[in-house]
Structures are given as structure tokens and as C-alpha cells.
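Participant: Please read through the structure below; I'll follow up with questions.
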Amino acid sequence: MATSPVTGKAHDFPDSATHLAARQAGFTLIELIVVIIILGILAATALPRFADLRKDARIASLNGARGALEATFAMIHGQALLDTSAATITNEDVVITLVAGYPSAASGGNTAAAAGLNIGDYIIRYGSATATATQPALPINSFAAIPVSVANTASALSCYALYTGASGSGNAVKPPSVTVVTGSC
Numbered sequence: 076m077a078t079s080p081v082t083g084k085a086h087d088f089p090d091s092a093t094h095l096a097a098r099q100a101g102f103t104l105i106e107l108i109v110v111i112i113i114l115g116i117l118a119a120t121a122l123p124r125f126a127d128l129r130k131d132a133r134i135a136s137l138n139g140a141r142g143a144l145e146a147t148f149a150m151i152h153g154q155a156l157l158d159t160s161a162a163t164i165t166n167e168d169v170v171i172t173l174v175a176g177y178p179s180a181a182s183g184g185n186t187a188a189a190a191g192l193n194i195g196d197y198i199i200r201y202g203s204a205t206a207t208a209t210q211p212a213l214p215i216n217s218f219a220a221i222p223v224s225v226a227n228t229a230s231a232l233s234c235y236a237l238y239t240g241a242s243g244s245g246n247a248v249k250p251p252s253v254t255v256v257t258g259s260c
């Protein structure tokens, strides 16, 4: 029995310090549930940001493909200006077919290979006026570099780098262009 410091009378309550130490041995079930709920809310808040990183990575990859294609057609065009009668140019053991002094957009032109767009990273689709459920409609004088991660899916309809070949002749040549389409990356 302990005595009250205020009244000096004896009582049979346990010593409060001993009683508290025995009760506070760990988390209560309620505290554990609250912590789990808070962690769940934080995870649900962060999840969309991590899911969005895949889209950012695909867009960055397509912008890299655009840069590689632009550098390739500028370099090949510079070589073609040195020999204006050439129908092909060999660069790094890749034979590139020329159209109006620029790399061709045709399937045998090897422009994608010259730009380093390899099969492990991109699927190359050549110009086709008709679209399918998993392939975009492309102009005839063009090709699309579609990331492997979205190839043959509905996302491929608007997630690609489009190379449109040169057109015209003489002084009226329109140089190639590269456009990145990122609607459903």
C-alpha cells in the first residue's frame, strides 16, 4: 500500500510510475493501424509520380532519337554536297541511300540504322497511309521509330519519332524533318 502525499492516508492504488511503465511496453493496436493508414496514404500519393516516370523516359528517348536523326541527316547531307552525283554514301559501314542529297526515308535507305536506332530500342515502321489498331498512319515518304515498350499496343498510335524524307529537286528541295509525337507515351 502506498500513502498519498497530499492526505497522508494509505490507499491500495499501484504506484503510478510502475503502472505506466508496464502499460507503455509498445504500440497499441490503434496506433499501429493509424501508422499503416498514414503510410498507405503517402504511398498512394507518391505512386502516380513514379508511374509518370515511364512516360518521361519514353519522351526523353524519343527526343534522343530525334536528335540522332537530325544529326545523321545533317552529316550525310554534308557528305553528299561533296559528291553531288552520289546515289549512296557509306558511313560507319552502313550504306545510306540518298534522295535529293539527304538520307532516304524508304525501307532500304538505312537511315534509322545510320542514326543508331537499333532493334532493341525501337521498332521502325515505314510509311503507310492506313492505320491499324496498333500502328499509326504514316506519310509515304517517312518512317516512325516507335519505342519497343509501346510497340504493337494502342499507345503506339501517338508515341513515336517521325522522320519525313526530303522532297523536291534542284533548288526547290525541302529538307527532311523529324517530329516527335508523345500523346500516349
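Counting from 76, one number per residue, gives the positions in the sequence shown under my numbering.
Note that CB positions come from ideal geometry on N, CA and C, so glycine has one too.
Owing to the predicted nature of the structure, the values given are computational and were not obtained by experimental measurement.
Is it buried or exposed, R141, if we count other Cβ atoms within 10 angstroms and call 16 or more buried?
Facilitator: buried
Participant: Could you check if T254 is buried or exposed, using at least 16 other CB atoms within 10 Å of its CB as the buried criterion?
Facilitator: exposed
Participant: Look up A172 in the DSSP assignment and say whether it is helix, strand or coil.
Facilitator: In the sequence on display, residue 172 carries Thr and not Ala. Three-state result, T172: strand.
Participant: Following the continuous alpha helix (DSSP H) through T186, name the residue where it begins and the one where it ends.
Facilitator: T186 to A189
Participant: To the nearest whole angstrom, what separates the beta carbons of S182 and Y197, a pair I think is in contact under 8 Å?
Facilitator: With a Cβ gap of about 14 Å, S182 and Y197 do not count as contacting.
Participant: Suppose the cutoff is 6 Å on Cβ atoms and the five residues either side in sequence are ignored; what does the same chain contact list for Q154 look like?
Facilitator: I164
Participant: DSSP three-state call for I194: helix, strand or coil?
Facilitator: coil
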